[in-house]
Amino acid sequence: MRVEAAWVKPPPQIGGLDHLAVQAPCINIYSRLLPGITNVTDRARYYSFYPWLIWALDQAGHNQFNDEFIERFRRADCLFSLIATRHAATAGENFEDHAAAIVGSNTLSPVASSLEKDGKVTLSDYSLRDGAKQRYFLNRLGGLGQYYIGVFAELSILDGDSSRGIKYTRQIGEQIAKSVDHSVNRDLFLSVVDADVVTASELEALSSFCPCQLSKNDKEQSVLVDLFSAQGLFADPDALPRRQSLQSILGLTELLDNEGEQISESAFRACAYTGFLPSGLTWEVPPNLKSNRINWAIYARNEILSIAVQGLFYAVLDAYEASGLRLDSAAQVVDWYLSEPETIAALSELGVHNSYSDYLGSAAAWVPDLQNWRAPLHEMSLMERVAELTRASKSADGRREIVSAGLRIFLALGHRDVDLPSPYADLIFDRGYFLHYPANLKTFEHHTSKTWAQMSMRDVLRWLLVEWGIELHLRVALRKLRGQSRSTFRIRPSDQGLTIIAVPSAAHTRPRFNQALRVLKDIGALERSGADRWRPSKWGYSIMELGDAP
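Numbered per this note's numbering, the sequence shown finishes at 551, counting up by one with no gaps.
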């Protein structure tokens, strides 16, 4: 038998995400609570502009999905971005209202803002896929193809895809398009696209397309309010969680404004987790939103656990990298780290008790009340501190604080009396789901009462660093390598022992909150009450008053 030897090219190394598979349950939960809004669908007006554009091109006879259509579409997408960024430069108001998350704005904003009164822009200089002076966006269908097309298909706004072609749906997409057409200058917009040149005066004449103008088109605004709140034409039982989450955000925004506080992702997470406002008052929600708040509380609890696990993983990897050692196994690395002064000091800060159960029993002496979520030793504050320290300058003292805070988070989570029938309440996961995500609230509850109960705190830390740290990461990275042919190892075996590739910081998941908040602002459901504060508008109150009926 003939044998030939050949070089095997190593898989490409990428940064990757969720190196411990601990964020996945969080992502699963928030995806269910805000369907139809994603982390990349930032602006409400794209939900109406893109179906309008495809409809308008169809009305003009451009209904063949070919290179000519794609280039015309890209010019129009580019023009929309120029309108928004130009309006941001000339209106003298908040930039975000006009041009935040506008497709290609990094490229086009300087072009629009520097345009002289008698100046002009050639659209194809930025829209051409090949030969552009400075291409505004890589995807062949611009922002639609990159960010919105999947959601639009899910909402039955568009049919098709970027390879076979796209078409607005008659029942929904066309109705949205006609609502937009009510208050924009379609003829001027399409004539500029055809001419491939837009002047400064034309950009200003087309300012009704700017996202900030959405609320001035009553028909379009009404349609989008119905879409996001899942009522009327858009009534759908599967979309009810989106309505409920938007109602929760609107209600909390009002309560925070009453206390002189700003609405933010971190404030929402803290209030959802604890059920209390910054003042310590209970966050009262209507009966139909209680389940929604509980599910957001479960998300937040899982998020706290996730940050604690990631923080401990960061600490051991960072210390190992700084040491210059090369050890052969996860157990050897962890045993070495447990003997380091910083780790010994972190453990000593928790006091001296015989078992993990004893530490849990003594937690009542230092764990703040649930409503006091801004206290330094509250798990909400500890979580933010861990995330902050993993992004700060590296030091042994920083790692000591991370380990101490991480262990305190575990104790605080175990100490809280969670009045739920199961760790994930009525959230149902596919059978076998957690086999791939072993660091979760179910296993946390089991290990707290069983595995760790009679172990010393040092042994619990060892278990966490090995089982939910290095060993778990190696399994996750191997699974990704097998499925994606990409290497995401942050620490990997080599002939010289375990080698650090990079030390990942502890990262929050992004629960679509900022996108939902931006949508509520865009559709006029929120209005400013101060420089950085918001409260519900009449449209917002109309959404808040909806029950669970279609």
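Cβ coordinates follow ideal geometry from the N, Cα and C atoms, glycine included.
Asked, Found
"What does DSSP give as the partner residues of ARG535 in its beta bridges?", "Reading off the sequence shown, one finds Trp at residue 535, where the question assumed Arg. Answer is ARG529."
"Would you mind listing the alpha helix (DSSP H) stretches within the segment 116-167 that are 4+ residues and don't spill past its ends, in chain order?", "125-128 and 150-155"
"Between ARG27 and SER307, which are expected to be in contact by the criterion C-beta below 8 Å, what is the C-beta distance as a whole number of angstroms?", "At residue 27 the sequence reads Cys, which differs from the Arg that was named. That belief holds up - the Cβ atoms of CYS27 and SER307 are roughly 6 Å apart, short of 8 Å."
"With a threshold of 7 Å on Cβ separation, who are the neighbours of ASP239 within its own chain once the five nearest residues in sequence on each side are excluded?", "PRO36"
"Helix, strand or coil for GLN14, going by three-state DSSP, please let me know.", "strand"
"When burial is assigned at 16 or more other CB atoms within 10 Å of the CB, is TYR434 buried or exposed?", "exposed"
"Under a three-way DSSP split, which group does ILE492 fall into?", "strand"
"Could you check what DSSP says for PHE430 in three-state terms: helix, strand or coil?", "coil"
"Using the Cβ count rule (16 or more neighbours within 10 Å means buried), how would you classify TYR274?", "buried"
"Between which two residues does the beta strand (DSSP E) holding THR200 run?", "198-200"
"In chain order, what residues of the same chain lie with their CB nearer than 7 Å to the CB of LEU290, ignoring the 5 residues before and after it?", "GLN245, GLN248 and SER249"
"Starting from VAL520, trace the alpha helix (DSSP H) in both directions and tell me its first and last residue.", "514-523"
"Helix, strand or coil: which one does DSSP assign to ILE544?", "helix"
"Mapping the DSSP letters down to three states, classify LEU277 as helix, strand or coil.", "For clarity, residue 277 is Phe in the given sequence; the question names Leu instead. If DSSP states are grouped into helix, strand and coil, PHE277 belongs with the strands."
"ASN373 to HIS99, Cα distance in whole Å?", "37 Å"
"Alpha carbon to alpha carbon, how far is SER280 from LEU156? Give it in angstroms, no decimals.", "39 Å"
"Starting from the C-beta of MET456, find all residues in its chain whose C-beta is less than 8 Å away, skip the five residues before and the five after it, and write them out in chain order.", "SER356, TYR357 and TRP464"
"Measure the beta-carbon distance from LEU521 to GLY541 and round it to whole angstroms, keeping in mind my assumption that it falls under 8 Å.", "7 Å"
"Assuming the contact rule is C-beta atoms closer than 8 Å, LEU80 and VAL194 should be a hit. Round their C-beta distance to whole Å, please.", "6 Å"
"Which of helix, strand or coil does DSSP assign to ILE501?", "strand"
"Spell out the partners DSSP gives THR283 in its beta bridges.", "PHE277"
"According to the Cβ coordinates, are ALA309 and PHE411 closer than 8 Å?", "yes"
"Bridge partners for TYR169 per DSSP, in chain order?", "LEU159"
"Cutting at 7 Å between CB atoms, please list the residues of its own chain near LEU428, excluding the five before and the five after it.", "ILE30, ASN296 and ILE299"
"Which first and last residues belong to the alpha helix (DSSP H) in which ILE84 is found?", "68-92"
"Using the C-alpha atoms, what's the distance from GLY325 back to VAL152?", "47 Å"
"Who are the Cβ neighbours of PRO12 in its own chain at under 7 Å, not counting the five residues just before and after it?", "LEU482, SER486, ARG487 and SER488"
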